[in-house]
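Participant: Here it is, the structure in full.
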DNA sequence: GCGTGTATTGACACCGGTATCAATAAGCGT
DNA sequence: ACGCTTATTGATACCGGTGTCAATACACGC
């Protein structure tokens, strides 16, 4: 049944061995080496490594044998040059929180493992004059296969526009859908805020305060609105006087905490829009000699390391940032392939983790 | 004085304008476009972009004009293919602490800014069977220009050997010199440990304990030995019974702290080999109802975020990790260029930051 | 036996740069 | 004016893949 002239497996292996010993300078094998050994044209090798169906199965087998034997791996640069794209995924971010950045990176790397793609990280500064040009030239010069963009740059429509212009696949991570769903991983921060609100309401808090993030950040708005919704389900209102403005930094949380504690009457619970600010609130309470959770409950958002390092450990809302990175990577690799598997999740839901910084308000403190 | 036939600046600009309007599909300009516009061969363009001295100044000027006008930028992939290397820097790491990873990344990125190089991140697992092959294929396939390796993989000689084999420039970050100095950024953790020891001794502590990291980590040994040296300068000894074994995690610090506190007599000061463990020690003291710093001083190492999030804020030894990343990147880019500027610092020194978790021992507690 | 369709393969140009080496022009001493 | 340097430039191959399209072999229907 063998095609005429088909050489035996052994013949190929011998040839490979000979090649290996001849290969004095120990060069990496190229497609030409494989082609020569197999006695076919390089185009056929190209077909094999690209899993093209247009190859005779027995030919494919022979070639695969040789590839495995001499350890040939196609050169991404050469391939990229011909194809006009690279095997690199970019991550564009401006979130200053190291934990967040690393989590998402890890998730992306999880998704990239074994695919031959590599991750190029690219922080940016939206306030810079050259922000858009920088991003464009990064993506264009590297001919990135795709990029994932995290909050808050992900909310920047100009960047999204640029990415579309240079025809680069992208996935944006954000708290709400800004784009066609296939281009987004949405984290639903509103639901997280709602959980925080319900949690405090269920514990019996009535005088509730909040430290918000910058209004220009979508996540900050979502978390706040969600929080109000959660409280609203229990007919509790977030009074305007009980809202302090922060900017997601520890220091701003410290200041906001001091401010809220000073109110008369003081709140019995404070929800901070992220853990950093929550840690600031906790520290300001400690400084003021206020006991947590007896006199004041504090709830954060993120569940980063800090949440368990401070005392009491922080009740917080966890958003699965590593998982999010993973989904983003999968999404990106999915593009261009079959669109059949639409079952990709691109929504994630945060989840409240109840630790020791929140509890029922003490007797009498809630005499509204 | 103008060379014969030299076209005027305006002529070139006109040609460029014409080119831009002709360029229907808005392609990125290539070296061929520039060559055509300048009326010279692509090799000459190549010389200009590579700052070769073998170009007539006036020719160079003309070409530069055109390059700027149409916004030509050489394609890194094509260049890389021809040169057999890429314009990518790799970072190979296995340190699980997000803060450290991000700091070093940032530092490297600082050093890469404006150079056209990009950073590819590559975590690894030394315990994996395929660790070395993974690393090799990463570096080899991507033809990395260079890599920076952080602790503790940086201590792995097998990896260094692989990097040399594939002829890839590398810089290792480690607590002591393991390599020729040009290939290292050394952090001198021993000096940091010494500072911690002297700090506690100067405060008057006599019964001093330590939480160490894994003995297999060089930094853990250095920090410990430095600490003992520092104490030694004041004739204080670190008694074997006062040493608890940790593994750089918060949880291990928590356990070690509980263990040390239970000793009789208990130590009046504990030095933990990193902030995570120090935070654990602090938390275990809080749980045991021990006041810091009155009854117990705690000193950490790293000065990561956690150090200021906990209460009292942690006295700790700061190693300039971002700066270290910057130096590593500079070093890498320096390779192959003039070796004249040997003035590159490749040693950094940690520095003690005295916060509120350490103070003089309380009266009578030191009746040795 | 012949036309036609299908499966498989290869020749060749091309992606956008760089290296080699030869070609040409200009400068200079005598 | 001539030979010899030196300065400047270009023709061409090459890096290691991919796309296009034509060529070949074979099966099938009639």
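Chains as they are written, first to last, in the numbering used here: chain Z, 666 to 1033; chain V, 666 to 1033.
Note that CB positions come from ideal geometry on N, CA and C, so glycine has one too.
All of these numbers come straight from a predicted model, not from anything done at the bench.
1. Tell me residue 837 (chain Z)'s beta-bridge partners as DSSP assigns them.
2. Considering just the uninterrupted stretch of the alpha helix (DSSP H) at residue 674 (chain Z), what are its terminal residues?
3. Anything in chain V within Cβ reach of residue 971 (chain Z), meaning under 8 Å, just list it in chain order.
4. Quick one: is residue 1023 (chain V) near chain Z, going by C-beta distance under 8 Å?
5. Quick check on the DSSP output: what are the complete alpha helix (DSSP H) runs of length 4 or more inside the stretch 894-937 of chain V, in order along the chain?
6. Residue range of the beta strand (DSSP E) that residue 755 (chain V) falls in?
7. Taking 8 Å as the threshold, find out whether the stretch 1010-1022 of chain Z comes into contact with the stretch 837-850 of chain Z through three or more Cβ pairs.
8. If contacts are defined as beta-carbon pairs under 8 Å, then residue 674 (chain Z) and residue 751 (chain Z) qualify, I think. What distance do you get, rounded to the angstrom?
9. Can you tell me whether residue 1032 (chain V) is buried or exposed? The criterion is at least 16 other CB atoms within 10 Å of its CB, across all chains shown.
10. Taking the CB atoms as reference points, tell me whether residue 983 (chain V) and residue 1018 (chain V) lie closer together than 8 Å.
11. Can you list, in chain order, the residues of the stretch 750-774 of chain V whose Cβ is nearer than 8 Å to any Cβ on chain Z?
12. Check whether the stretch 761-781 of chain Z and the stretch 985-993 of chain Z touch, using three or more Cβ-Cβ pairs below 8 Å as the test.
13. What are the complete alpha helix (DSSP H) segments, minimum 4 residues, inside the stretch 709-766 of chain V?
14. Mind listing which residues of the stretch 781-814 of chain V have their C-beta closer than 9 Å to chain Z's C-betas, in chain order?
15. Given residue 961 (chain V), which residues of its chain have a CB within under 8 Å of its CB, disregarding the five upstream and five downstream residues?
16. Nearest-angstrom Cα distance between residue 772 (chain V) and residue 994 (chain V)?
17. If you draw a straight line from the alpha carbon of residue 825 (chain V) to that of residue 801 (chain V), how long is it in whole angstroms?
18. For a cutoff of 8 Å on Cβ pairs, would you count residue 891 (chain Z) as touching chain V?
19. Once the 5 residues before and after residue 841 (chain V) are set aside, which same chain residues still bring their CB inside 7 Å of it?
20. Check the Cβ of residue 693 (chain Z) against every Cβ in chain V and list those closer than 8 Å, keeping chain order.
21. Which residues in chain V have a C-beta closer than 7 Å to the C-beta of residue 951 (chain Z)? List them in chain order.
22. Given residue 817 (chain V), which residues of its chain have a CB within under 6 Å of its CB, disregarding the five upstream and five downstream residues?
23. Considering only DSSP beta bridges, list what residue 967 (chain Z) is partnered with.
24. Check distances from the C-beta atoms of the stretch 831-843 of chain Z to those of chain V and list, in chain order, the residues that come in under 7 Å.
25. Taking 8 Å as the threshold, find out whether the stretch 870-880 of chain Z comes into contact with the stretch 899-908 of chain Z through three or more Cβ pairs.
26. Are there three or more Cβ pairs, one per stretch, closer than 8 Å when the stretch 889-898 of chain Z is compared with the stretch 830-838 of chain Z?
27. From residue 723 (chain Z) to residue 716 (chain Z), what distance separates their C-alpha atoms?
28. Are the Cβ atoms of residue 937 (chain Z) and residue 908 (chain Z) separated by less than 8 Å?
29. Got a sec? Which residues, its chain only, sit under 8 Å from residue 1024 (chain Z) by beta carbon, not counting five neighbours each side?
30. Can you list, in chain order, the residues of its chain whose CB lies under 8 Å from that of residue 831 (chain Z), leaving out five sequence neighbours each side?
31. Between the Cα of residue 813 (chain V) and the Cα atoms of V:896, V:860, V:910 and V:776, which residue gives the shortest distance?
32. Can the beta-carbon of residue 735 (chain V) be found less than 8 Å from the beta-carbon of residue 684 (chain V)?
33. Which residues, in order along the stretch 731-744 of chain Z, keep a beta-carbon less than 7 Å from a beta-carbon of chain V?
34. Can you find the residues in the same chain that come closer than 6 Å, C-beta to C-beta, to residue 739 (chain V), ignoring five residues on each side of it along the sequence?
35. Look up residue 822 (chain V) in the DSSP assignment and say whether it is helix, strand or coil.
36. Report yes if the CB atom of residue 911 (chain Z) is closer than 8 Å to the CB atom of residue 921 (chain Z), and no otherwise.
Facilitator: Looking at the atomic coordinates:
1. Z:814 and Z:849
2. Looking at the DSSP string, the run of the alpha helix (DSSP H) that includes residue 674 (chain Z) is 674-687.
3. 970, 971 and 974
4. So no, residue 1023 (chain V) is outside the interface.
5. Listed in chain order, the complete alpha helix (DSSP H) runs (minimum 4 residues) inside the stretch 894-937 of chain V are 915-926.
6. 753-758
7. yes
8. With 8 Å as the limit, residue 674 (chain Z) and residue 751 (chain Z) do not qualify as a contact, their Cβ atoms being about 36 Å apart.
9. Confidence in residue 1032 (chain V) is poor, its pLDDT being 49 and thus under 50, which makes the residue's placement unreliable; the coordinate value appears in the next sentence. Counting of Cβ neighbours within 10 angstroms places residue 1032 (chain V) among the exposed residues, the total staying below 16.
10. Between residue 983 (chain V) and residue 1018 (chain V), the C-beta gap is smaller than 8 Å, which places the two residues in contact.
11. 751, 753, 763, 764, 766, 767, 768, 770, 771 and 774
12. yes
13. Complete alpha helix (DSSP H) runs here, min 4: 722-735 and 741-748.
14. Residues 781, 783, 784, 785, 786, 787, 788, 802, 803, 805, 806, 807 and 808.
15. 926, 931, 932, 933, 934, 935, 950 and 955
16. 8 Å
17. 10 Å
18. no
19. Only 851, 883 and 887 meet the Cβ criterion.
20. 805
21. Simply 976.
22. So the list reads 882, once near-sequence residues are dropped.
23. Z:983
24. If the cut-off is 7 Å between Cβ atoms, the stretch 831-843 of chain Z has nothing near chain V.
25. With the cut-off at 8 Å, the stretch 870-880 of chain Z and the stretch 899-908 of chain Z touch.
26. At 8 Å Cβ cutoff, the stretches do not touch.
27. 14 Å
28. If you check the CB distance, residue 937 (chain Z) and residue 908 (chain Z) do not come in under 8 Å.
29. 868, 958, 959 and 962
30. Here the set comprises 801, 804 and 805.
31. V:776
32. yes
33. 738, 741, 742 and 743
34. 714
35. helix
36. yes
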